[in-house]
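Each remark here refers to the structure printed beneath this line.
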Amino acid sequence: MRRAFLTRRRLGLIAAVTAALAAAACSEPPTTGSGNAVQIGPGAELPDCPLGVLDEAKGPVEVNLWYGGLVGSTKATMEDIVARFNASQDR
1 MRRAFLTRRR
11 LGLIAAVTAA
21 LAAAACSEPP
31 TTGSGNAVQI
41 GPGAELPDCP
51 LGVLDEAKGP
61 VEVNLWYGGL
71 VGSTKATMED
81 IVARFNASQD
91 R
């Protein structure tokens, strides 16, 4: 009898934790920053990309891409993508 109670209690705990994790995973992501983010989705209007300013650049344009927290093969893949992008540029 006691063993069945513990098993039922464990199953209940597992179910509660699973439900909480599922709810957290399916919720909206937290918002941070100034709130000036461009909304993506149906009907969203994105600003024009000012590619013409690149013609006015006097030399290479430096772009800083932050990808902190990546480790192992994910980091190596990101570094490979960055290296291939840089190699493909003629400015």
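Mapping the sequence shown onto the numbering used here, position 52 (from 1) lands on 52, and the numbers just tick up by one. We put the CB at the ideal spot given by N, CA and C, even for glycine.
One Cα belongs to residue 73, the other to residue 67, and the distance between them is close to 13 Å. Residue 81 and residue 71 have their C-alpha atoms some 15 Å from each other. Setting aside the 5 residues that flank it on each side, residue 58 has no residue in the same chain whose C-beta is closer than 6 Å to its C-beta. Secondary structure of residue 19 (DSSP, three-state): helix.
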